[in-house]
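Note that the protein sequences, when read in sequence, are chains A, B, C and D.
Here the first sequence stands for residues 225 to 608, numbered as in this note's numbering.
Here the second sequence stands for residues 11 to 112, numbered as in this note's numbering.
Here the third sequence stands for residues 24 to 419, numbered as in this note's numbering.
Here the fourth sequence stands for residues 1363 to 1526, numbered as in this note's numbering.
For reference, the structure is listed below as structure tokens.
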Amino acid sequence: MSEIHMPIPVGTTVVVERTDETMEEMYVNMGPQHPSTHGVLRLMLKLDGEYITDCVPYVGYLHRCHEKIGENRNYTQVIPYTDRLDYLASMSMNFGYVLAVERLMGLAVPPRAEYMRVILAELQRIASHLIWLGTFGLDLGNFTIFIYCFREREMVLDLFEAVSGQRLNYSFYRIGGMAMDFPETWIEDCRRFLEWFKPRLPEYDALMTDNILFQKRVQGVGILPARTAVDYAASGPMLRGSGIAWDLRRNDPYSVYDRFEFDLPVYDSCDVWARYLVRRQEMAQSVRIVEQALAQLPAGEIQAKVPKTIKPPAGQVYARTESPRGELGFYLISDGSPKPYRYKVRSPAFVNLSVLPEMLKGCLVADCVAVLGSVDIVLGEVDR
Amino acid sequence: MIPLSHYLILSAILFCVGVFGALTRRNAVAILMSIELMLNAVNLSFVAFARYLPQTQLQGQVFAIFVIAIAAAEAAVALAIVLGLYRNFKTVNVDEINLMKW
Amino acid sequence: MMIFADLVQALYAFTTSWGIPYVVFALVVMTIQVGVVVGYIAVAAMFLIWWERKISAHIQVRFGPMRVGGWHGWAQSIADGIKLLLKEDIIPAGADRVVFVLAPMVVFAASLAAYVTIPWGPGLIVRDLNIGILYMVSISSLAVVGIVMAGWSSNNKYSVLGAIRSAAQAVSYEVPMVVALLGPVMLAGTMSMGRLVEKQAQGSWLGILPGWYVFPQLLAFLIYLICALAECNRLPFDIPEAESELVAGFHVEYSGMRFAIFFLAEYANMFTVAAIATTLFLGGWDGWWVRLPGLSPELSHGLFGLAWFQGKCYFLIFIMMWLRWTLARVRVDQLMDFSWKVLLPLSFANLVITGWVVVAGPQGRLVVLGILLVLALTIGLAVRGRGRAATVVARG
Amino acid sequence: MEIKLAIFYVLAAFTLWAAGVVVLGKNIVRAAVALIFAFCGVAGLYVTLEAEFLAAVQVLIYVGGITILLLFAIMLTSRISATASRVVNDQVALSAIAGAGLLAGLCYATLEGIPALVGPPHLPETSPFLGRALLTTYALPFEVVSVLLLAGMVGAIVLARKES
């Protein structure tokens, strides 16, 4: 048997010799074409029977030089590229980027635009968590929840379509405001959706949370101690599932998040179950935020005055927002020209993914998909 | 009616095939399989006698059941031994496992 | 059924009158029987595939197939079958060709052979073997051999993992399954499928309930159903082919016709286990019947029996499908734990209690006592298994 | 009558062919598959001997249990994509002689030592009889076998588990 060619990262212990394999020590290549790697992630698993003794994630199959492209476009032109980062939460990506540019320019955004941003970002969080819940159910063999979640997500996408004309890559946020105001009756539609959506959450509970088989699959699996989570700079639901109450919307409030009342779901059992519950509760909290924002929504302008060609003063900025997956950071250096001198994305999914091998050691193959599902990666963001 | 000798000779052939296999195969699992063949051959004789000697009150079949039960226990233990061998020697070829030889 | 026997008699008289030897006659009868069974499996499997798609769709607020054939896409399975037949038959380069080709045949032959002793109606059975239920159990245990062969010969690690899982699962679940089946066998005092049904048709429980063994043997029935799910590799026990973990498990390298045979065998197996459960626990073809106008009582009974049997079987299959589209998949170690630590002790308890009741005589009180004891055990175990909730540290 | 004889010959040839593959087959998995066929052939022979119960038990235990275990062990111990270079050891000739000698002896004993017996045309149903025999006359061996099985199970677990 010839040895297969594969790049082996320096410092890893996985050595690939296929000639001598038995079930006692076997290497399984999971992905990039695998139903549960959520895209083109590739995991090299070292198995002892069904138990995983080592795991190396290989990323980069979706790399498209996002950051280099960003340095060759002007500030406004980068917005559509950010859509493609986390294509399941494009609104949040837009949000983070325009916030960074606005901080760089020292630009104040009209209040109505700020509220619109929060409403859309929280709806986006609901949509993103719905996809996560559906695919997580699928990973564990429950197909029905997938369809249920997609039904609700379609409704969110309808709302987004009514606002922006797009269903996936919205490019709706603008530097200094929003592209357009909400269309007529949109606010009523949104309220109607929220009223419809709230009773759906107990339905998901009945199908997933309260199901003993599901609980057995996720409890005590993929343990991520708080210390390890902090060491790896994990963020978002990963961190909150490890018992650390850290949410940028609360700990480093941006936009108008300090004006809303919402709970921070934190669970400290550090397993897949905790991360599941965090995301599950976050959907309810997002509904609360959207409701408050709709109630407080002020009238007025939606776009600040910005020059035709945006030339931020020379300097640097790091703006971070809480995307559905965790801390999304945009780091920009301006040299006063219309294009960013340096543009860097701190992508939450990539950082969270790096903890995966820690969580997988000693797990079964079946747990692998559960743990990976609980990380909630989007390869567009991981690979950039 | 098929003569009893047919069954007995078939059983004898099967048994000897098993003996040959048990003596010649290198793989421990294959040796085990040959032994299972031998046990089956014996069972075949038992059942044949039970059919042709009704005055024995189906003793042959009863014994065949015992043989099957013991074969199951034997297989389980033997396979555990094979696994243990494999862990220690990284092979299950019995002629390579010769630590006790000098 | 008398009609059936009469038919065979008439055919025999006809052939002998033409001077055709008995061998030819026997072969012809056997061929017809096999043809009928194979035809039934093909049609039933196609129906089940379509039905499962409809059930899953309606559980998931969809419609499922709606186009092919007009009314609710009834011809979808036929179209899919034709598609699979016309697909390229691929054997992977590294595969062990002989075993690879043989594996689907073994699986299908196993599920086909089990149909021999299914009692379709009063007297309507291909061969009423006196070891009927044992035969069915042992023949269906052959299927796992085919699965292991498929998994190994594909030369794919996912399929090997699937095969290993399948082997472990089959070995574990066969034990409680057989022990659970012993309950009704002990009550009836026979292993023949036909006589098992007749015994149930004659008796009655507490004067009002039909004499089906599901009432005194509720626990055995539930254990059997769970084991049957595992035996058919259905969710929540479909770990040998878990698509989100092992892609497709043991049949990951199969395509076209060979895959179709695996698929067909899966649905044929579902019917087999439903038929076993119906025969042993739900009284088989036993049920209410009237004489149809213009037909002899025997024929009407036979037709009603056929309908009852089919109805009960498809009801059980519906439950299996319902479970599949509601539950999550269990993990391989949980599967083993559940079999050895829960099902096996329960089935042994059931066996002991049943034996005690059988020996003690047909006293209604004892039976009820047994049921209660067993139910208490079940509930106790189920309650004990409630999951622990994670601690919440939510802050307002 | 000739049909039964023909069936016997077919089954016998099938069983012996499968046994031959078990003993001489190069590929260990194919040998195991052939072993399954051999077991099924023997089960068929049991049916011709009107031992249906034993035939079913044969399929259930040997095919559904022991061969699965064997395949399990093969998968755990042999390399996943390798063919064995040499399957037999150096004693082939000696073993063949021993086997042939044994066969000759057994055939001689069979043909000369055992009278041509003629059984009854049909046996009564065997399973009730076997059940009664196992729990009365053979109760002690039955219990001993069950203890043996338990010991075997415990032993197998102890031997196969990893020290961790």
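Just so you know, even glycine gets a beta-carbon here, dropped at the ideal spot from N, CA and C.
Inset, instruction - Indicate the three-state DSSP secondary structure (helix, strand or coil) for Ala-211 (chain C) in the structure shown. - result: helix
Legend entry - Other residues of its chain near Asn-50 (chain B): CB distance less than 7 Å, five sequence neighbours each side excluded: Leu-24
Inset, instruction - Would you mind stating whether Met-1515 (chain D) and Ala-86 (chain B) have Cβ atoms separated by less than 8 Å? - result: Between Met-1515 (chain D) and Ala-86 (chain B), the CB-CB gap stays under 8 Å.
Inset, instruction - Kindly indicate if chain A contains any beta-carbon less than 8 Å away from that of Gln-32 (chain C). - result: So, not an interface residue.
Inset, instruction - Can you check the segment 212-255 of chain C for any alpha helix (DSSP H) of at least 4 residues that lies completely inside it and give the ranges in chain order? - result: 216-225 and 241-254
Inset, instruction - Just the C-alpha distance for Met-24 (chain C) and Leu-350 (chain C), rounded to the nearest angstrom, thanks. - result: Caution applies to Met-24 (chain C), whose pLDDT of 46 falls short of 50 and renders its modelled position unreliable; the value that the coordinates give is listed next. Rounded to whole angstroms, Met-24 (chain C) to Leu-350 (chain C) spans 41 Å at the Cα level.
Inset, instruction - Rank C:Gly-328, C:Trp-97, C:Ala-173 and C:Glu-197 by C-alpha distance to the C-alpha of Gly-1426 (chain D) and give the top, closest one. - result: C:Glu-197
Inset, instruction - Mark Trp-143 (chain C) as exposed unless 16 or more other C-beta atoms lie within 10 angstroms of its C-beta, in which case mark it buried. - result: buried
Legend entry - DSSP beta-bridge partners of Phe-554 (chain A): A:Ala-543 and A:Val-569
Inset, instruction - Could you name the residues of chain D that Val-171 (chain C) contacts, counting a contact when the two beta carbons are closer than 7 Å? - result: Within chain D, Ile-1430 and Leu-1433 have C-beta atoms less than 7 Å from the C-beta of Val-171 (chain C), given in sequence order.
Legend entry - Enclosing beta strand (DSSP E) for Asp-1452 (chain D) [first to last residue]: It is not in any beta strand (DSSP E) - Asp-1452 (chain D) carries neither H nor E in the DSSP assignment.
Legend entry - beta strand (DSSP E) segment containing Asn-253 (chain A), residue limits: 250-254
Inset, instruction - Output the residue ranges of the alpha helix (DSSP H) runs that lie fully inside the segment 91-173 of chain C and measure 4 residues or longer, sorted by chain position. - result: 99-109, 120-136 and 155-163
Inset, instruction - Using a cut-off of 7 Å between C-beta atoms, extract the partners of Met-1437 (chain D) located in chain B. - result: By Cβ distance, chain B contributes nothing, its closest Cβ being about 10 Å from Met-1437 (chain D), past 7 Å.
Inset, instruction - Could you tell me which residues DSSP puts in a beta bridge with Asn-103 (chain B)? - result: B:Asn-37
Inset, instruction - For Met-53 (chain C), decide whether its Cβ has a neighbour in chain D, counting only Cβ atoms nearer than 8 Å. - result: no
Inset, instruction - Grab me the residues of Leu-369 (chain C)'s own chain with a C-beta within less than 8 Å of its C-beta, minus the 5 sequence neighbours each way, in chain order. - result: Pro-199, Leu-242, Ile-246, Val-397, Leu-400, Thr-401 and Leu-404
Inset, instruction - Please name the residue, chosen from C:Ala-133, C:Gly-93, C:Gly-62 and C:Gln-240, that lies closest to Val-380 (chain C) on a Cα-to-Cα basis. - result: Cα-wise, what sits closest to Val-380 (chain C) is C:Gln-240.
Legend entry - Candidates C:Ile-72, C:Arg-218, C:Arg-314 and C:Val-57: closest to Tyr-138 (chain C) by CA position: C:Val-57
Legend entry - Where Arg-354 (chain C) meets chain A, residues with beta-carbon distance less than 8 Å: Correct list: Lys-440, Arg-441, Leu-588, Ala-590 and Asp-591.
Inset, instruction - State yes or no: is the C-beta of Arg-377 (chain A) within less than 8 Å of the C-beta of Leu-362 (chain A)? - result: no
Inset, instruction - Flag Phe-1376 (chain D) as yes if its beta-carbon sits less than 8 Å from any beta-carbon of chain C, otherwise no. - result: no
Inset, instruction - Buried or exposed for His-81 (chain C), please, with buried defined as at least 16 other CB atoms from any protein chain shown within 10 angstroms of its CB. - result: exposed
Legend entry - Terminal residues of the alpha helix (DSSP H) in which Lys-1366 (chain D) lies: Lys-1366 (chain D) -> alpha helix (DSSP H) spans 1364-1386.
Inset, instruction - Spell out whether any CB of chain C is found under 8 Å from the CB atom of Glu-1505 (chain D). - result: no
Inset, instruction - Use the C-beta contact count for Phe-30 (chain B): other C-beta atoms within 10 angstroms, 16 or more gives buried, fewer gives exposed. - result: buried
Legend entry - First and last residue of the uninterrupted beta strand (DSSP E) at Thr-562 (chain A): Sequence inspection shows Pro at residue 562 (chain A); the Thr mentioned does not correspond to that position. That residue, Pro-562 (chain A), is in no beta strand (DSSP E); it is neither H nor E in DSSP.
Legend entry - Residues that Cys-1469 (chain D) contacts on chain B, provided the C-beta gap is smaller than 7 Å: Ile-19 and Ala-22
Inset, instruction - Under 8 Å Cβ to Cβ from Val-1409 (chain D), same chain only, skipping five residues before and after it: list those, please. - result: Close CB contacts of Val-1409 (chain D) within its chain, under the 8 Å cut and outside five residues either way in sequence, are with Ala-1417 (chain order).
Legend entry - Interface positions of the segment 75-101 of chain B facing chain D (Cβ-Cβ less than 9 Å), listed along the chain: Ile-75, Phe-76, Ile-78, Ala-79, Ile-80, Ala-81, Ala-82, Ala-83, Glu-84, Ala-85, Ala-86, Val-87, Ala-88, Leu-89, Ala-90, Ile-91, Val-92, Leu-93, Gly-94, Leu-95, Tyr-96, Arg-97 and Thr-101
Legend entry - Cβ separation of Met-48 (chain B) and Gly-70 (chain B), assumed to be a contact under 8 Å, to the nearest whole Å: With a beta-carbon spacing of about 17 Å, Met-48 (chain B) and Gly-70 (chain B) fall beyond the 8 Å limit used to define contacts.
Inset, instruction - Residues of the segment 43-57 of chain B with a CB closer than 8 Å to any CB of chain D: list them in chain order, please. - result: Met-43, Ser-44, Glu-46, Leu-47, Asn-50, Asn-53, Leu-54 and Val-57
Inset, instruction - Assess, as a yes-or-no matter, whether the segment 380-392 of chain A is touched by the segment 410-422 of chain A under the definition of 3 or more beta carbon pairs within less than 8 Å. - result: yes
Inset, instruction - Consult DSSP for Ala-412 (chain C) and reduce its assignment to one of helix, strand or coil. - result: Per-residue confidence for Ala-412 (chain C) stands at a pLDDT of 45, beneath the threshold of 50, marking its modelled position as unreliable; no derived number is given.
Inset, instruction - Under 9 Å between beta-carbons, which chain B residues line up against Phe-1399 (chain D)? List them in chain order, please. - result: Simply none; closest approach about 12 Å.
Legend entry - Own chain, CB closer than 8 Å to Trp-377 (chain C), minus 5 neighbours either side, in chain order: Looking at the sequence itself, residue 377 (chain C) is Thr, so the reference to Trp does not match. Contacts found: Leu-205, Gly-206, Met-209, Leu-210, Pro-239, Gln-240, Ala-243 and Gly-393.
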